[in-house]
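From first to last, the protein sequence lines are chains A and B.
Note that the first sequence covers residues 1 to 258 in this note's numbering.
Note that the second sequence covers residues 1001 to 1259 in this note's numbering.
Even for Gly, the Cβ is constructed at its ideal location relative to N, Cα and C.
Notes follow the structure.
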Amino acid sequence: MNPLAIIGRVFLDFLVAIGRVTVFTFHGLRHIFAPPFYLRLLIKQMMSIGYFSLPVVGLTALFTGMVLALQIFIGAGRFNAESAVASIVVLGITRELGPVLGGLMVAGRVASAMAAEIGTMRVTEQIDALTTLSTNPFKYLVAPRLLAATLTLPALVLVADIIGVMGGYLIATHKLGFNAGSYMKNTIDFLETIDVVSGLVKAAVFGFVIALMGCYHGFHSKGGAQGVGKATTDAVVSASILILVTNYFVTELFFSGK
Amino acid sequence: MSDDPNKIVLRDVHKRFGKKVVLDGLTLEVPRGKSLVVIGGSGTGKSVMLKCVLGLIRPDSGEILIDGQDSMKFNADQREQALRKFGMLFQGSALFDSLKVWENVAFGLIQGRNMPRKEAKDIALDKMGQVGLGPEVGELSPSELSGGMQKRVALARAIAAEPEIIFFDEPTTGLDPIMADVINDLIKSCVQKLGATTLSITHDMSSARKIADYVAMIYKGKIIWHGTAAQVDNSGNAYVDQFIHGRAEGPIKMEVLKP
Ligand SMILES: Nc1ncnc2c1ncn2[C@@H]1O[C@H](COP(=O)(O)OP(=O)(O)OP(=O)(O)O)[C@@H](O)[C@H]1O
Ligand SMILES: [Mg+2]
């Protein structure tokens, strides 16, 4: 085939995909705000997204905080700025690493699970069955997941922030010889509300993106087990990339607001 | 209510997937309060036809009237209203595997009609009894059931809300002959006691003879014959004859390689 034609086709497919995701997003949002609401499903999703992601996200944050303290200590030592360790750890965790790494870990866990579950429901006609039982699949499957992920990720990231800072504190005081009291004081003195808030806003956006990709790819999967497998992979990859992309734009938004 | 004698009318319905033409000008009338059975070979578009009526697949062209209203022109609300009239048994059962069996059966009552769970469970267990499943099965998950049991659960789910129109896509395949006959009786009673209109698809001629008021045969995306159940045996149509007697020789050529 003509290489230009291939490029054209890929580009057109890309535009089509963007259009579909946009329509899907609007449908999802509309059903979040219009009754009936499935509270039971929302709570179930919040449990599976939030509570069961705690170990993964907590461990990630702990080791990230620890390694951050080590690296910054080494880097800052080169221009005698060791006292900056506490403040850089807390800023790095709350502004960037907490939400981004937390989001990526949850994307791996949750976007894949959503795509697999909804994808299986699609290929076994369970989604069609929902429709024939007077239940809107968007309302029943998509809306609770979108809402649950958007609400839960900030809470999850807040916990990750605290654990990450604690990780840094442990290394700083036990290994690098910092005084516990002054490290804590440095941490708190340098932290501004906007640092935490911007991280939590990011987390909410990432939560939405994760659930959106999981539901979208699951909903549009076709062709049996193989199709579901592809949907799962696509969901994780696209959610991860979108997290990194939206991360930049949300950061810029907060940055320019300064 | 319209006084049209037909509950559902399909007129010149076309549907293709890519290059493959599945429905090719299909026209069919489903009489109100009667049982119509559609017979036809595998892959001739029977399941696609049901899904077109339910709006799960959008036909490329044609007209589908439900109680005299053109379903192709429905908006989302009208479609939801229309779907409340239907119960559907899917060929592959399509049970919700995240829910218990009784919750599956009660699903349309709880989610669709906001019935309290307790009340819905009683109805669900009663419907399960009618398809020969005891209350202990209700607490299991669908994946713990045999294929035939799953089919019966799906059947109970389709009739649980006592809809006006019920579609049965191969209700008796995978069942033993005795249970198949129990299901045949159940389908008949849906029509006779509840006054439902049913459209069933089957390959099982003994089942078709038992439940049908009318029979139609689909071949290559068209209805090539229809008549009353009694007329099936002397239809004078070579395709129908070949099908009901299950002969390999005849006008219907199976696309298989001869050894
Ligand atoms: N979603 C789809 N995408 C592409 N092709 C499809 C789709 N659904 C059905 N088909 C094709 O349409 C044709 C008719 O399918 P359908 O399921 O209606 O057959 P059927 O008459 O119900 O057969 P059976 O008796 O085996 O169930 C088949 O050839 C199938 O390949
Ligand atoms: Mg079929």
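task = Return the CA-CA distance between Thr60 (chain A) and Val209 (chain A), expressed in angstroms with no decimal places.
result = 20 Å
task = Pull out every residue of the stretch 1091-1110 of chain B whose Cβ sits closer than 7 Å to any Cβ of chain A, in chain order.
result = Gly1092, Ala1094, Phe1096, Phe1107, Gly1108
request  = Just the C-alpha distance for Arg1032 (chain B) and Leu130 (chain A), rounded to the nearest angstrom, thanks.
outcome  = 25 Å
ask   = What runs of the alpha helix (DSSP H), each 4 residues or longer, lie entirely inside the stretch 180-240 of chain A?
value = 180-190, 193-219
query = Of all residues in the structure, which have a C-beta closer than 7 Å to any heavy atom of ligand 2, taken in chain order?
reply = B:Lys1046, B:Ser1047, B:Gln1091, B:Asp1169, B:Glu1170, B:Ile1201
query = Given that Glu1080 (chain B) touches chain A, what residues does it touch there, using C-beta distances under 8 Å?
reply = Ser134, Asn136
ask   = Does Ala129 (chain A) have its Cβ less than 9 Å from a Cβ in chain B?
value = yes
ask   = Quick one: is Ser240 (chain A) buried, meaning 16 or more other Cβ sit within 10 Å of its Cβ, or exposed?
value = buried
ask   = Which residues bound the beta strand (DSSP E) around Asn1006 (chain B)?
value = 1006-1017
message = Quick test of your reading: Gly98 (chain A) and Val157 (chain A), contact by CB under 8 Å. State the CB separation rounded to the nearest angstrom.
response = 5 Å
ask   = Taking 8 Å as the line, does the beta carbon of Glu1244 (chain B) fall inside it for any heavy atom of ligand 1?
value = The sequence given here places Ile at residue 1244 (chain B); Glu does not occur at that position. Outside the cutoff, so no.
ask   = Is any heavy atom of ligand 1 found at a distance shorter than 8 Å from the C-beta of Thr1044 (chain B)?
value = yes
query = Cα separation between Asp1209 (chain B) and Ala1229 (chain B)?
reply = The residue asked about is misnamed: residue 1209 (chain B) is Arg in this sequence, not Asp. So the two alpha carbons sit approximately 6 Å from each other.
key: Beta-carbon neighbours of Thr124 (chain A), restricted to chain B and to distances below 7 Å   = Gly1092, Ala1094
Classification of Met105 (chain A) by the beta-carbon crowding that lies within 10 angstroms, buried from 16 upward = buried
message = Report the start-end ranges of each alpha helix (DSSP H) in the stretch 1190-1257 of chain B that is 4 residues or longer and not cut off at the edges.
response = 1205-1211, 1238-1245
ask   = Does the Cβ-Cβ distance between Lys1007 (chain B) and Glu1170 (chain B) come in under 9 Å?
value = no
inquiry  = Does the distance between the C-beta of His1014 (chain B) and the nearest non-hydrogen atom of ligand 1 fall short of 8 Å?
reply    = no
query = At least one CB of chain B closer than 9 Å to the CB of Met121 (chain A): is that the case?
reply = yes
task = Express the C-alpha separation of Ser1141 (chain B) and Met184 (chain A) in angstroms, rounding to a whole number.
result = 52 Å
request  = Answer yes or no: does any C-beta atom of chain A fall closer than 9 Å to that of Asn1114 (chain B)?
outcome  = yes
ask   = Helix or strand or just coil, what does DSSP make of Gln1069 (chain B)?
value = strand
request  = Check each candidate in B:Asn1104, B:Lys1085, B:Thr1197, B:Arg1084 and name the one with the smallest Cα separation from Ser1093 (chain B).
outcome  = B:Asn1104
task = Measure from the C-beta of Lys1015 (chain B) to each C-beta in chain A and report whether the shortest distance is under 9 Å.
result = no
task = Specify the secondary structure class of Glu1164 (chain B) as computed by DSSP and reduced to three states.
result = coil
Heavy atom of ligand 1 within 8 Å of Val1022 (chain B) beta-carbon = yes
inquiry  = In the DSSP output, which residue or residues are listed as bridge partners for Met1088 (chain B)?
reply    = B:Phe1167
inquiry  = Less than 9 Å between CB atoms is the rule here; does Glu192 (chain A) satisfy it with respect to chain B?
reply    = no
key: Residues bridged to Glu1029 (chain B) [DSSP beta-bridge criterion]   = B:Val1009
key: Residues near Gly50 (chain A) by beta carbon distance below 7 Å, same chain, minus five either side   = Thr152, Ala155, Leu156
ask   = Between Glu117 (chain A) and the rest of its own chain, which residues show a CB-CB distance below 8 Å, the 5 nearest in sequence each way excluded?
value = Gly218
task = Can you check DSSP and say which residues form a bridge with Asp1024 (chain B)?
result = B:His1014
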